[in-house]
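Counting in my numbering, the sequence shown runs from 35 upward without gaps. One structure is given below, encoded as structure tokens.
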Amino acid sequence: MIWGSSFLFIKVGVAELHPLYVTLGRVLAGVLTLLAVLLVTRDRLPRDPRLWLHLSVTGVIGTAMPFTLFGYGEERVSSSLAGIWNATTALLVLPLAVYLFRTERMTARRAAGLLIGFVGVLVVLGVWEGLGGAQFTGQLMCIAAAACYAVAIPYTKRFISDRRESGISLAAGQLVTATIALAIVAPLAVGAPTPLTDLSFKAIASILALGAIGTGLAFVLNMRNIKLVGATTASMVTYLIPVFAVILGVLALDEHVTWHQPVGALVVLVGVAVAQGLFTRRKPAKPAPSVPESELAPDPA
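Written out as structure tokens, the structure reads:
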């Protein structure tokens, strides 16, 4: 529910503040939250310089870019539709993990899942209505944001997740690099931010909620889930994010959803389920070993 509501908060934030500064405020609030958690748990930030280079990659590609792209996208499309596009992340991860990072293998089941998911994407786009205009541009930005997550997830698995540092320490380091990058880029790209005194309480509260709750607290909860039930089960949150995004967008922002958007989202999620083997009969599993909390489930927002 927290991650699904993030798209609502982005929509409110970009109504008064440039998307780059919405993202900067979000990651700054998020990193302060995680640094407080590190302090309470007596943990610390990573020390290895090489690890910081990898965290810089995920900080930019897996945090700063997708957060900002969703902001740009929501200047043109509804928060509900942005939440639906976030669901394609799990689908886009697979070909990149197979062919670029070589952390997975392609199978007939996974190929079928990709094909079903692609059909779902076409349905969400409503290709029979023609493509073009501001809404189509906004949807492309949301797809690009999901693609950023799809690059960052296998990259994290290959270069970061096996590290000895805790998951919270690694996440805090990633947010530190994202904050530094945005603090440099935002003023150069769009100038000074809108003064806080010119922003409504609603916009400020939304950005703080995005960072402290949607980026900080939600990550702590997610890491706890990974430790208790494993990364695969914890990643099932992907199926719920678009549901909450649509419900909250309709109820809180009076957004309208055309029939083909939720139908296409359902087809996409069926494709993800097929690719992940959720419809395959499995033998009762033996008790699984504890999962290192450094394994990250997809961050959907």
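Note that beta-carbon positions come from the ideal geometry of N, C-alpha and C, so glycine has one too. Bear in mind that the values here come from a model prediction, so they are computed numbers and not experimental data.
Simplified DSSP assignment, three categories, for residue i
i           : result
residue 137 : coil
residue 314 : coil
residue 52  : coil
residue 111 : coil
residue 327 : Interpretation of residue 327 is limited by its pLDDT of 46, a score under 50 that renders its predicted location unreliable; the figure taken from the coordinates is listed afterwards. DSSP places residue 327 in coil when its eight states are reduced to three.
residue 121 : coil
residue 196 : coil
residue 291 : coil
residue 82  : coil
residue 160 : coil
residue 76  : coil
residue 40  : helix
residue 99  : helix
Counted within 10 angstroms of its Cβ, other Cβ atoms place residue i as buried (16 or more) or exposed
i           : result
residue 156 : exposed
residue 35  : exposed
residue 141 : exposed
residue 60  : buried
residue 276 : buried
residue 263 : exposed
C-alpha gap between residue i and residue j, whole angstroms
i           : j           : result
residue 168 : residue 110 : 6 angstroms
residue 210 : residue 200 : 15 angstroms
residue 212 : residue 94  : 5 angstroms
residue 38  : residue 278 : 5 angstroms
residue 70  : residue 91  : 24 angstroms
residue 197 : residue 205 : 12 angstroms
residue 129 : residue 235 : 42 angstroms
Check whether residue i and residue j have beta carbons under 8 angstroms apart
i           : j           : result
residue 72  : residue 245 : no
residue 116 : residue 57  : no
residue 42  : residue 208 : no
residue 47  : residue 241 : yes
residue 287 : residue 40  : no
residue 237 : residue 51  : yes
residue 44  : residue 135 : no
residue 85  : residue 220 : no
residue 158 : residue 118 : yes
residue 143 : residue 311 : yes
residue 100 : residue 223 : no
residue 68  : residue 250 : yes
residue 190 : residue 96  : yes
residue 154 : residue 299 : yes
Beta-carbon proximity list for residue i, same chain, < 8 angstroms, skipping 5 on both sides
i           : result
residue 127 : 183, 184, 187, 188, 332
residue 292 : 160
residue 306 : 121, 124, 125, 147, 151, 272, 273
residue 80  : 86, 89, 197, 199, 203, 204, 207
residue 170 : 159
residue 192 : 135, 137
residue 233 : 50, 51
Beta-carbon contacts of residue i that lie in its chain and below 6 angstroms, excluding the five residues immediately before and after
i           : result
residue 77  : 200, 203
residue 132 : 138, 140
Beta-carbon contacts of residue i that lie in its chain and below 7 angstroms, excluding the five residues immediately before and after
i           : result
residue 284 : 114, 291
residue 297 : 157
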